[in-house]
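**Student:**
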Amino acid sequence: MRYLDLFSGVGTASIAFDPLGWQCLAHSEIDKFASAVLRHRFPDVPNLGDINGFQEWPDYESVDLVCGGSPCQAFSIAGLREGLADPRGRLMLVYLAVVRRYRPRWVIWENVPGVLSLHKGQAFETLLRGLEELGYHAAWRVLDAQYVRVDGYPRAVPHRRNRVFLVGHSGDWRYPAQVLLEPESMRWNPAPRRQSREGDPVAAEGRAAIDSFPAVANPLTARMSKGVNTTMDEGQTMVPVAFDSKRHGHAMDVAPSLRAMGHTGSHANAGGQLAVAAPLGAGDGTRGWRNDLDQGAFISDQMMVRRLMPVECERLQGLPDDWTNIPWRGKPTAPDGPRYKAVGNAWAVPVGRWVARRIEMVEAHR
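So the sequence shown is residues 135 to 500, counted in the working numbering.
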């Protein structure tokens, strides 16, 4: 599968796709720090830069897939939900123009769930109508990273991250439906009920087509260990994620959604404000918490509260340790600030891998 990765960030789509043998033809990213991460981690893949200059991009012989999550701030609470009135929101239309130029077989688009309801759904309808005019059928679904288990991520990440994933295909409408939807949901069956609705003409009419869907992958599961481990490694100390410090101590079983820092007036943002209750003297395999007392506050003689470190935020997204810790501005390592922002803007890697696996299995059965 040869793909173009738009709004690439720090390359989480490539982390998800490349182990499957997919080939990234090019990235498209303008953020300076994220672009530096791409150069460092993918030195052989060109960064085409600003998506608005797509008409000057190379004429690739074949592009099988175009993927990307156009900037979500225009559709999120953090960005005050300006939608298409925000220049960042209008990049959704440029995404469509790139699809029109390269005519890939598949498209993947990702964003925050707020895009579904913004302006009574008009922004999302614009995307759907644009894809329809280009000859694409689409399906979409809100996926939560904390429930996704795939090869390479058998334990799921302890991170509440709801994102809309839209998958489109230039052929049969059933292909994107097979990727994102489960047959049971398309039969209008309530989740606990495993038998057909008797006498339902709509369900009966579509049952033959639905039953012919291949069993392309295991469905998402909601089994989650309550004692989550931010390291996701066997044999290490179980550390409960405590709270988002901007919510003043609201206890949680798993981490709230990481967000990109630096957006004026935004809500509960990023790993820098995400805190854990940590036992004094325990370690996470990277740095001892006793050495981090300047970043935390004692809550007892045995416990303290501290912010998550960048490497822990990377783990919550499924990134390799220190993926964003690159040489930066003449120094051998990167400061925390741009790392938090880059990780907060990223895809959750296990979800990207799950979508890619579903596409592979549909391709194998069609």
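Glycine is no exception: its CB is placed at the ideal position from the N, C-alpha and C atoms.
(1) What residues in its chain sit with their C-beta under 7 Å from that of Tyr452, if we drop five residues either side in the sequence?
(2) Taking 7 Å as the cut-off, does the CB of Ala170 come closer than this to any heavy atom belonging to the ligand NAP?
(3) Touch check for the segment 272-287 and the segment 302-312: three-plus C-beta pairs under 8 Å?
(4) With DSSP run on the structure shown, which of helix, strand or coil describes Gly277?
(5) Hey, how far is the Cα of Ile86 from the Cα of Ser148?
(6) Roughly how many whole angstroms lie between the Cα atoms of Asp367 and Ala480?
(7) Could you name the residues of the same chain whose beta carbon sits closer than 8 Å to that of Arg173, not counting the 5 residues immediately before and after it, in chain order?
(8) Could you check which residue in Arg289, Trp462, Asp306 has the C-alpha nearest to that of Gly269?
(9) By how many angstroms is the C-alpha of Phe258 removed from the C-alpha of Leu252?
(10) Determine the DSSP secondary structure at Trp462, reduced to helix, strand or coil.
(11) Flag this pair as yes or no: are the beta carbons of Val489 and Val313 separated by less than 8 Å?
(12) Using CA atoms only, rank isn't needed, just tell me which of Tyr194, Asp165, Thr146 is closest to Cys201.
(13) From Glu448 to Leu265, what does the alpha carbon distance come to, in whole angstroms?
(14) Could you give the distance in angstroms between the alpha-carbon of Pro501 and the alpha-carbon of Lys475?
(15) In this structure, does DSSP put Leu230 in helix, strand or coil?
(16) Consult DSSP for Tyr566 and reduce its assignment to one of helix, strand or coil.
(17) Is it buried or exposed for His161, if we count other Cβ within 10 angstroms and need 16 for buried?
(18) Can you tell me the Cα-Cα spacing of Asp178 and Gly143, whole angstroms?
(19) In or out: Gln280 buried (at least 16 other Cβ within 10 Å) or exposed?
(20) Please return the same chain residues whose Cβ sits closer than 6 Å to the Cβ of Phe188, not counting the five positions on each side in sequence.
(21) What does the alpha-carbon distance come out to for the pair Asp152 and Cys158?
(22) With distances taken between CB atoms, is the gap from Trp457 to Arg175 smaller than 8 Å?
(23) Taking Val284 as the reference, give the member of Ala498, Trp243, Arg487, Arg297 with the closest Cα.
(24) Which residues in the same chain have their Cβ closer than 8 Å to the Cβ of Val197, if we skip the five residues on either side of it in sequence?
(25) Which same chain residues, not among the five before or five after Ser169, have their C-beta less than 7 Å away from its C-beta?
(26) Pull up the DSSP beta-bridge partners for Leu140, would you.
(27) Does DSSP put Val488 in a helix, a strand or coil?
(28) Using CA coordinates, which residue listed in Glu244, Val249, Ile185 is at the minimum distance from Leu225?
(29) For Ala272, which three-state DSSP category applies?
(30) Would you list the one or two residues that DSSP bridges to Phe258?
(31) Sorted by chain position, which residues of the same chain lie with C-beta nearer than 8 Å to Arg491's C-beta, five sequence neighbours on each side aside?
(32) Give me the Cα-Cα distance between Pro472 and Asp455, rounded to the nearest whole angstrom.
(33) Whole angstroms are fine: how far does the CA of Asp470 sit from the CA of Arg263?
(34) I need the boundaries of the alpha helix (DSSP H) containing Ile149, first residue and last residue.
(35) Who pairs with Gly302 in a beta bridge, going by DSSP?
**Tutor:** Taking the geometry as given:
(1) Position 318 of the sequence shown, counted from the start, is the residue given in the question as residue 452. In the sequence as presented, Tyr is not what sits at residue 452; that position holds Gly. In chain order, Tyr287, Val291, Ala482, Val483, Pro484 place their CB closer than 7 Å to the CB of Gly452, counting only its own chain and leaving out the 5 sequence neighbours on each side.
(2) Questions concerning the ligand NAP fall outside what the structure shown contains, since it holds no ligand whatsoever.
(3) By the criterion of at least three beta-carbon pairs nearer than 8 Å, the segment 272-287 is in contact with the segment 302-312.
(4) If you number the sequence shown from 1, residue 277 lands on position 143. The identity of residue 277 in the sequence shown is Leu, whereas the question assumes Gly. Correct three-state label for Leu277: strand.
(5) Look at the range of the chain in this structure, 135 to 500, and you will see that residue 86 is not part of it.
(6) Translated into the one-based positions of the sequence shown, residue 367 becomes position 233. Translated into the one-based positions of the sequence shown, residue 480 becomes position 346. Because the pLDDT at Asp367 is just 39, under 50, the model does not fix this residue reliably, and the point stays unresolved.
(7) Walking along the sequence shown from the start, residue 173 turns up at place 39. Asn181.
(8) Locating residue 269 in the sequence shown gives position 135, counting from the first residue. Nearest in C-alpha terms to Gly269, of all of Arg289, Trp462, Asp306, is Asp306.
(9) For this step, residue 252 is matched to residue 118 along the sequence shown. For this step, residue 258 is matched to residue 124 along the sequence shown. The alpha-carbon of Leu252 is positioned some 8 Å away from that of Phe258.
(10) What you label residue 462 is simply residue 328 of the sequence shown in a count that begins at 1. Trp462: strand per DSSP, three-state reduction.
(11) As a position in the sequence shown, residue 489 is number 355, starting the count at 1. As a position in the sequence shown, residue 313 is number 179, starting the count at 1. Contact check for Val489 against Val313 passes: the beta carbons are separated by less than 8 Å.
(12) As a position in the sequence shown, residue 201 is number 67, starting the count at 1. When each option's Cα is compared against that of Cys201, the closest is Thr146.
(13) Here residue 448 refers to the residue found at position 314 when the sequence shown is read from its first residue. Here residue 265 refers to the residue found at position 131 when the sequence shown is read from its first residue. Spanning the two alpha carbons is a distance of roughly 33 Å.
(14) With the chain represented from 135 up to 500, any question about residue 501 goes unanswered, as that position is not in the structure.
(15) Counted from its first residue, the sequence shown places residue 230 at position 96. Helix at Leu230.
(16) A question about residue 566 goes unanswered here, because the residues of the chain that appear run from 135 up to 500.
(17) By one-based count along the sequence shown, residue 161 stands at place 27. Buried, since its Cβ has 16 or more Cβ neighbours within 10 Å.
(18) As a position in the sequence shown, residue 178 is number 44, starting the count at 1. As a position in the sequence shown, residue 143 is number 9, starting the count at 1. Their backbone Cα atoms lie some 16 Å apart in a straight line.
(19) Walking along the sequence shown from the start, residue 280 turns up at place 146. Under this definition Gln280 is a buried residue.
(20) Locating residue 188 in the sequence shown gives position 54, counting from the first residue. Excluding five sequence positions before and after Phe188, the CB atoms of its chain that fall closer than 6 Å to its own CB belong to Val232, given in chain order.
(21) Within the sequence shown, numbered from 1, the residue matching residue 152 stands at position 18. Within the sequence shown, numbered from 1, the residue matching residue 158 stands at position 24. Inter-residue distance for Asp152 and Cys158 is about 8 Å (C-alpha atoms, whole angstroms).
(22) For the purposes of this step, residue 457 is identified with residue 323 of the sequence shown, where counting begins at 1. For the purposes of this step, residue 175 is identified with residue 41 of the sequence shown, where counting begins at 1. At a Cβ-Cβ threshold of 8 Å, Trp457 and Arg175 count as neighbours.
(23) Here residue 284 is taken as the residue at index 150 of the sequence shown, counted from 1. Out of Ala498, Trp243, Arg487, Arg297, the CA that lies nearest to the CA of Val284 is found in Arg487.
(24) On the sequence shown, position 63 is the one that residue 197 refers to. The residues are Arg136, Tyr137, Leu138, Leu159, Tyr236, Arg237, Pro238.
(25) In the sequence shown, the residue the question calls residue 169 occupies position 35. Cβ within range, chain order: Glu163, Asn181.
(26) By 1-based counting over the sequence shown, the position of residue 140 is 6. In the DSSP output, where bridge partners are listed per residue, Leu140 has Ser162, Gly202.
(27) Counted from its first residue, the sequence shown places residue 488 at position 354. The sequence given here has Trp at residue 488, not Val. In the three-state reduction of the DSSP assignment, Trp488 falls in the helix class, which pools H, G and I.
(28) In the sequence shown, the residue the question calls residue 225 occupies position 91. Cα-wise, what sits closest to Leu225 is Ile185.
(29) Here residue 272 refers to the residue found at position 138 when the sequence shown is read from its first residue. In the structure shown, Ala272 falls within a strand segment according to DSSP collapsed to helix, strand and coil.
(30) Position 124 of the sequence shown, counted from the first residue, corresponds to residue 258. For Phe258, which the question treats as bridged, DSSP gives no partner whatsoever.
(31) In the sequence shown, residue 491 corresponds to position 357, counting from 1. Contacts found: Leu154, Val284, Asp285, Ala351.
(32) The residue you call residue 472 lines up with position 338 of the sequence shown. The residue you call residue 455 lines up with position 321 of the sequence shown. Straight-line Cα distance between these residues: approximately 16 Å.
(33) By one-based count along the sequence shown, residue 263 stands at place 129. By one-based count along the sequence shown, residue 470 stands at place 336. Take the alpha-carbon of Arg263 and the one of Asp470: they are about 41 Å apart.
(34) Position 15 of the sequence shown, counted from the first residue, corresponds to residue 149. For Ile149, the enclosing alpha helix (DSSP H) starts and ends at 146-151.
(35) Here the question's residue 302 lines up with position 168 in the sequence shown. According to DSSP, Gly302 bridges with Val241, Ala272.
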